[in-house]
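Chains as they are written, first to last, in my numbering: chain Z, 711 to 1149; chain L, 2 to 79.
This is the structure we're talking about:
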């Protein structure tokens, strides 16, 4: 971490966050232009800053950074190369989007590579669809903002349909013998690092922190869900302890560093039991310090830098997305510039036309990473049905007009058209199914 | 020495170009550094994960943002 270069970004991001967290929107509105829907943009920004940045986005950035650094790309690529088992390749392609496409600009070269040099058109198409569709950050934010059912539906839908799309692409074009580009494919050597189970436990601890810190309050005050909610911070603390253990045992962090962080965190947790977020923030700061100050521990530094890169790239995009979504669509219960009636008539309910419209809109519109979430939140608040919402989520991130043009340069117009149609059809169908059973 | 950086234009690829220039400057060797952004061309080198580094026609690294010291190794191996 080159602090002399990065401190400016940190100041801007922190300053912006603090400003948004405490923005006196009500006063500004009353002073400047009362009752205008434009202020919805600022209300929504403040809501995101207060509800989702610290507890959800920041841990998500750490997790995404960890995936980029600790999960071996090369080991995964083995399953997608020219000698790969074809059946297994579909399964791997459908889930590996999260692992391989950590930088979104690698999706297209990877797709081209798998298509021409690797396992072929089928797995390549599956990967092309799943890469953006099951982006870790997007699933996490979807689950926390739009509800766990939508997050899970999105992830499951993306995985299932990427396999279906891949298989159908292979089926439609099976007669074409694609000449594999015989290049000296210098496949990266899988590095021998730590065993998979250790990495799995480490990730499990971080996901645990994320899930339980964000455990929503259930409707009834009885039952398992409620019990979990009542003790969520205790459980979160347990996972944090597990993470600390992993770091000490397997990542060469010295125990004294952990105590240095744990003691202030526990102290603050006891001092301010009503505001666990304070202890949480100190925990995050502590973790960041541990990662950036171990000069000899390159892995940890790389982990932090990758997470930080994500934050720098994504936070501005999300900020603009939230502003635009706020202005156009408002918040649930408050109208934006676009009247609710229009939205409900176009994409309300769960009709076939609503789902198709949502899928087509998603396919052609460009969504910068994560912006689909506030936009969808606004649409759903304005009357969009859950089915069409899922359709948009499944078609949106994977495709856009500019990206269709690039795909076309790799696999030609006919295959691109078939691919786009398959995405739209699959998205529509998933929307219809989801809307019928969970709508 | 002919060096090509393969990448579609995100920060990692641009950083790789900078690091390659740095490596050349540190070693005092003359290299010509070119950036390839066309997907089909990138594939002809056998690169599946960008950014990729090609030195004198051979793909020496892919999917990694190498530091100048790591790139320098390839410059001196010639």
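A virtual CB, placed ideally from N, CA and C, is assigned to each residue, including glycine. All values reported here derive from a predicted model rather than from experimental measurement.
Interface partners of residue i on chain L, CB under 8 Å
| i | result |
| --- | --- |
| residue 835 of chain Z | The premise fails here: residue 835 of chain Z is roughly 15 Å from chain L at the closest Cβ pair, so nothing lies under 8 Å. |
CB of residue i within 8 Å of CB of residue j, strictly
| i | j | result |
| --- | --- | --- |
| residue 809 of chain Z | residue 838 of chain Z | no |
| residue 7 of chain L | residue 43 of chain L | yes |
| residue 927 of chain Z | residue 943 of chain Z | no |
| residue 55 of chain L | residue 17 of chain L | no |
| residue 1087 of chain Z | residue 1051 of chain Z | no |
| residue 778 of chain Z | residue 1016 of chain Z | yes |
| residue 1000 of chain Z | residue 971 of chain Z | yes |
| residue 909 of chain Z | residue 780 of chain Z | yes |
| residue 992 of chain Z | residue 974 of chain Z | yes |
| residue 852 of chain Z | residue 841 of chain Z | no |
| residue 77 of chain L | residue 38 of chain L | no |
| residue 732 of chain Z | residue 739 of chain Z | no |
| residue 1148 of chain Z | residue 1096 of chain Z | yes |
| residue 924 of chain Z | residue 766 of chain Z | yes |
| residue 800 of chain Z | residue 877 of chain Z | yes |
| residue 723 of chain Z | residue 920 of chain Z | no |
| residue 1039 of chain Z | residue 1092 of chain Z | yes |
| residue 1089 of chain Z | residue 1099 of chain Z | yes |
| residue 52 of chain L | residue 66 of chain L | yes |
Partner residues on chain L for residue i, Cβ-Cβ distance less than 7 Å
| i | result |
| --- | --- |
| residue 1118 of chain Z | By Cβ distance, chain L contributes nothing, its closest Cβ being about 11 Å from residue 1118 of chain Z, past 7 Å. |
Chain-ordered chain L contacts of residue i [CB-CB under 9 Å]
| i | result |
| --- | --- |
| residue 1121 of chain Z | Chain L residues near residue 1121 of chain Z: none, gap ~11 Å exceeds 9 Å. |
| residue 787 of chain Z | 49, 50, 64 |
Exposure label - residue i; buried when at least 16 CB within 10 Å
| i | result |
| --- | --- |
| residue 932 of chain Z | exposed |
| residue 963 of chain Z | buried |
| residue 50 of chain L | buried |
| residue 966 of chain Z | exposed |
| residue 721 of chain Z | exposed |
| residue 990 of chain Z | buried |
| residue 793 of chain Z | exposed |
| residue 745 of chain Z | exposed |
| residue 835 of chain Z | buried |
| residue 755 of chain Z | buried |
| residue 1084 of chain Z | buried |
| residue 19 of chain L | exposed |
| residue 981 of chain Z | exposed |
| residue 1063 of chain Z | exposed |
| residue 759 of chain Z | buried |
| residue 894 of chain Z | With a pLDDT of 41 at residue 894 of chain Z, under the threshold of 50, the modelled position of this residue cannot be trusted; read the value that follows with caution. It is exposed - the Cβ of residue 894 of chain Z has fewer than 16 other Cβ atoms within 10 Å. |
| residue 1037 of chain Z | buried |
| residue 892 of chain Z | Only weak support exists for where residue 892 of chain Z lies, its pLDDT of 49 falling under 50; the value from the coordinates is given anyway. So residue 892 of chain Z counts as exposed. |
| residue 1144 of chain Z | buried |
| residue 856 of chain Z | buried |
| residue 995 of chain Z | exposed |
| residue 821 of chain Z | buried |
| residue 725 of chain Z | exposed |
| residue 1122 of chain Z | exposed |
| residue 29 of chain L | exposed |
Below-8 Å beta-carbon distance, residue i vs any chain Z residue
| i | result |
| --- | --- |
| residue 40 of chain L | yes |
| residue 73 of chain L | no |
(request) Evaluate contact between the stretch 823-842 of chain Z and the stretch 904-923 of chain Z, counting only Cβ atoms and requiring at least three cross-stretch pairs below 8 Å. (result) no
(message) Would the stretch 1015-1034 of chain Z count as touching the stretch 1058-1071 of chain Z if we require 3 or more Cβ pairs under 8 Å?
(response) no
(request) Report yes or no: do three or more beta-carbon pairs, one from the stretch 1102-1115 of chain Z and one from the stretch 1131-1142 of chain Z, lie closer than 8 Å? (result) yes
(message) Tell me which residues of the stretch 4-27 of chain L have at least one Cβ-Cβ distance to chain A shorter than 7 Å, keeping chain order.
(response) Among the protein chains in the structure shown, which are Z and L, there is no chain A.
(request) Specify whether the stretch 1055-1063 of chain Z and the stretch 999-1012 of chain Z touch according to this definition: at least 3 beta carbon pairs, one from each stretch, less than 8 Å apart. (result) no
(message) Measuring CB atoms only, is the stretch 1074-1089 of chain Z touching the stretch 842-853 of chain Z, in the sense that at least three cross pairs come out at less than 8 Å?
(response) yes
(message) Tell me whether the stretch 855-873 of chain Z and the stretch 798-807 of chain Z touch, counting them as touching only if at least three CB pairs, one residue from each stretch, are closer than 8 Å.
(response) yes
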